[in-house]
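In full-length UniProt numbering, the protein residues as written are 1 to 118.
See the structure below:
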């Protein structure tokens, strides 16, 4: 009726993951800690929705699917195979349209990588 089955399933799946966001470890000796903490907060703010936690979780997942490429190791071969082919990018090109790998995207956005890969 409301055409929101996909969003509902995404929200339920994201709720089952633990600790989606992470903050850099604090250290009194590290002068760069304040900038890292601020960078993490700024990255997290990108996903926040005034509508609540569920839309925020759906936004995180949607951004990840649109901006990152996730690789899965094949059981038959030790090499990696692509789970999702990137759109608008060529193999090996370093254009602005090419997607980040799963780990690069998670590191850049201070997202727990294991929470999105299952």
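Beta carbons: idealized from backbone N, C-alpha and C, even for Gly.
How is the alpha helix (DSSP H) around residue i delimited, first residue to last?
i: residue 24; result: Note, residue 24: premise wrong, no alpha helix (DSSP H); not H, not E.
i: residue 13; result: 5-16
i: residue 115; result: 113-116
i: residue 104; result: 102-108
Mapping the DSSP letters down to three states, classify residue i as helix, strand or coil.
i: residue 61; result: helix
i: residue 68; result: strand
i: residue 92; result: Any reading at residue 92 needs caution, since the residue's pLDDT is 43, under 50, leaving its predicted position unreliable; the model's value is listed next. Looking at residue 92 - three-state DSSP - the assignment turns out to be coil, as it is neither helix nor strand.
Report the rounded CA-to-CA distance for residue i versus residue j, giving the unit in angstroms.
i: residue 16; j: residue 35; result: 31 Å
i: residue 53; j: residue 12; result: 11 Å
i: residue 2; j: residue 55; result: 15 Å
i: residue 9; j: residue 37; result: 31 Å
i: residue 104; j: residue 112; result: 11 Å
i: residue 19; j: residue 114; result: 9 Å
i: residue 116; j: residue 5; result: 19 Å
Go through its chain and collect everything with a Cβ distance to residue i's Cβ below 8 Å, but skip five positions before and after it.
i: residue 110; result: 21, 22, 23, 24, 39, 40, 43, 44
i: residue 100; result: 67, 68, 69, 108
Less than 6 Å between C-beta atoms, sequence neighbours within five positions excluded: which residues of the same chain meet that for residue i?
i: residue 47; result: 56, 59, 60
i: residue 102; result: 68, 70
i: residue 7; result: 58
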